[in-house]
Amino acid sequence: RIGSATSLSSTVINTRLQELVRLFKERTEKVKEKLIDPDVTSEDESPVASPAPAPVPAPGGELEGDKPSEDDHYCEMLCCTFKHRPWLDRLKSYQFPSSIDPLTNLMYVLWLFFVVMAWNWNCWLIPVRWAFPYQTPANIHYWLLVDYLCDLIYLLDILIFQTRLQFVQGGDIITDKKAMKENYLRSQRFKMDVLCLLPLDFFYFKVGVNPLLRFPRCLKYMAFFEFNNRLEAILTKAYIYRVIRTTAYLLYSLHVNSCLYYWASAYEGLGSTTWVYDGEGNSYIRCYYWAVKTLITIGGLPDPKTLFEIIFQLLNYFTGVFAFSVMIGQMRDVVGAATAGQTYYRSCMDSTIKYMNFYKIPRTVQNRVKTWYEYTWHSQGMLDESELLVQLPDKMRLDIAIDVNYNIVSKVALFQGCDRQMIFDMLKRLRSVVYLPNDYVCKKGEIGREMYIIQAGQVQVLGGPDGKSVLVTLKAGSVFGEISLLAAGGGNRRTANVVAHGFANLFILEKKDLNEILVHYPESQKLLRKKAKKMLKSNSKPKDEKGGAGDPLIIPPKADTPKLFRAALAATGRMGGKGALGRLRWRLKELRAMQ
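If you read the sequence shown in the UniProt record's numbering, its first letter stands for residue 1, the second for the next number, and so on.
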């Protein structure tokens, strides 16, 4: 027992010493890399901050930190106390921005929404109040209240927002207050804004409250189109808004036509002929129904009787055919733009299926091709990401590549300490590839010319005697094949099979792309060569110690005999070698000789 305890303690001490030696070696290598390239980030722990001095008690015996500051306010709700700042103080301390970026400022888009709502109030309700008898002396004050609230929104838009909009002049973004105001005063927008606020309301005192006098308020259409552009820029599915807007155009044309029909019926006399509105039921709904049947040319309408009715109906038919065809064409364009990607995907897939059927490709291969098309489209929304980025400037492509790939590439041990600009150039050369389940990413014995970075999914490294045993499973963020990028002699051969476990999305960096980049970064090239040699040396150490692949052992080495058992065998040898232990010792000698 004493011998076994001593051997156990010596084993623990040796293991600990080996671990300490390994840690010291790693630290020495890190210090060397830090001296070679100062850009390498140190993994040492950050220094601990010194403890803060203890709070000094106030004269009253209360700690200064326990006193609520003058700016802290508390609100009691049920059994809890919440710290907050009164909304009135926050409102008083708010400072309106001196300049507004019309392209990115969401507050400006929200303000445009209110302006467009005021514009829609005028566009939709001025014809209704003019044609239908909905505006009466009993409710006139409600109509006027909303009218002048909309006028106030128009006025605030001119005085506060439009004079603070930034603009580009000679490539520079102008934020000067005086320059922004002068730019607005010289623009066509200012002329239309002033025209839409013409004070024709003063004629109310002479002709009464006539809604047609507010018709100039509809001239603020430029705010409506600007709101459409800004809103489509921030929506992820802008085509849905385009469909809604096109439908609103159609509904508004029917709305105006219904108002004109009621006005024509009132002009001829309600119920005077079979063509005009007879005055029964809800006047707006009945007139809107007639407008729908007329503009869409459904038919089934009563024939006009008088010359006025005939001319009115002819104009309605011509306008309806023109307006409806325009709406249908615009709706087709909107839906076509929304499904352009899907149409391209279907055309590519159909062409590929036609090609495979022409050459009689096996059905299993065709199914895998179809699966690749479907998964790639549903996972990425496109078949080739490079087609999307080819139109962007080089700087914007780099920004997108950094956001998408830098966190993964920066973790690759081979590239740590290299020039950061070299890594940026390398990010633009990465190519995304999708592998199906059980697809071979690389096979044993192949010449390695690529490095793989797992973006999504998993891959399995296969080995063993049959080449089908799973040695390790690599997940998202893992890297393999990086040594082959810098290996000499045409590239080293793959030592194992790598198979996609499920669907796997990988980034590929080819060797020729890296060589083109390293021409401009000689220092990084030297560092990469050094790291590659070190990694190759560390990977070949276990093979050198256990014997190369060319001279395998016939009988594998056995484990060492325990010390206590060896002592018993030695004692048996001193006693003459008789008994079971003696025979066992003789058998071990024979085995050692054969080995």
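Note that CB positions come from ideal geometry on N, CA and C, so glycine has one too.
- Beta-bridge pairing by DSSP links ASP172 to GLN169.
- Per DSSP, the unbroken beta strand (DSSP E) holding VAL461 starts and ends at 450-463.
- Distances from the CA of GLY448 to each of SER347, ILE423, LYS511 were compared; the closest alpha carbon is that of LYS511.
- Taking the CA atoms as reference points, MET180 sits about 46 Å from TYR284.
- In the DSSP annotation of this structure, HIS520 is not part of any alpha helix (DSSP H), being labelled neither H nor E.
- Judged by DSSP in its simplified three-state form, VAL433 adopts strand.
- The count of Cβ pairs closer than 8 Å, one atom from the region 292-307 and one from the region 265-278, reaches three, so the stretches are in contact.
- Nearest in C-alpha terms to PHE480, of all of GLN458, THR246, MET382, PRO465, is GLN458.
- In the same chain as LEU462, and ignoring 5 residues on each side of it, the C-beta atoms closer than 8 Å to its own belong to LYS468, SER469, VAL470, LEU471, ALA496, ASN497, VAL498, VAL499, in chain order.
- For the region 344-398, the continuous alpha helix (DSSP H) assignments of 4+ residues that do not extend past its boundaries occur at 363-380, 385-389, in sequence order.
- Residue state for VAL21 is assigned as helix, using DSSP reduced to three classes.
- Residue nearest to LEU195 within the set LEU219, ALA264, TYR204 is LEU219 (criterion: CA-CA distance).
- In the displayed model, ARG245 falls within a helix according to three-state DSSP.
- One Cα belongs to ILE423, the other to ASP439, and the distance between them is close to 29 Å.
- The beta carbon of GLN135 lies closer than 8 Å to those of ARG129, TRP143, VAL209, PRO211 in the same chain, with the five residues before and after it left out.
- Below 8 Å, enough C-beta pairs join the region 113-121 and the region 224-231 to call them touching: three or more.
- Note on PHE318: under 16 other CB atoms within 10 angstroms of its CB, so exposed under the neighbour-count rule.
- A direct Cα-to-Cα measurement between VAL326 and THR297 gives close to 15 Å.
- In its chain, beyond the 5 residues on either side, GLN458, GLN460 have a beta carbon closer than 6 Å to the beta carbon of THR473.
- ARG429 is positioned such that its CB atom lies closer than 8 Å to that of ASP513.
- Excluding sequence positions up to five before and after CYS123, its CB lies within less than 8 Å of the CB of CYS218, TYR252, all in the same chain and listed in chain order.
- For ILE298, the secondary structure class from DSSP, reduced to helix, strand or coil, is coil.
- Between ARG493 and GLY445, the C-beta spacing is below 8 Å.
- Going by beta carbons, MET426 and LEU509 fall inside the 8 Å limit.
- Within the same chain, and ignoring the five residues on either side of LEU112 in sequence, the residues whose Cβ sits closer than 7 Å to its Cβ are ALA223, GLU226, PHE227, ARG230.
- Distances from the CA of GLY341 to each of ILE353, GLN380, VAL519, LEU152 were compared; the closest alpha carbon is that of GLN380.
- If you draw a 10 Å sphere on the C-beta of ASP419, you find 16 or more other C-beta atoms in it, and that means buried.
- Each of GLY281, GLY269, VAL334 was checked against the Cα of TYR241, and the nearest Cα belongs to VAL334.
- Taking C-alpha positions only, VAL519 is separated from THR28 by approximately 30 Å.
- THR236 has no beta-bridge partner at all, per DSSP.
- If you draw a straight line from the Cα of LEU145 to the Cα of TRP121, it comes to about 12 Å.
- Between VAL433 and LEU506 the beta-carbon gap is near 5 Å, inside 8 Å, which marks them as a contact.
- Distance from the CA atom of PRO362 to the CA atom of CYS348, rounded to whole angstroms, is 19 Å.
- In the DSSP annotation of this structure, the continuous segment of the beta strand (DSSP E) that includes SER469 starts and ends at 469-474.
- Runs of the alpha helix (DSSP H) spanning 4 or more residues and lying entirely within the region 247-300 occur at 283-295, in chain order.
- The alpha carbon of LEU200 has as its nearest neighbour, out of LYS191, ASP151, LYS526, PHE190, the alpha carbon of ASP151.
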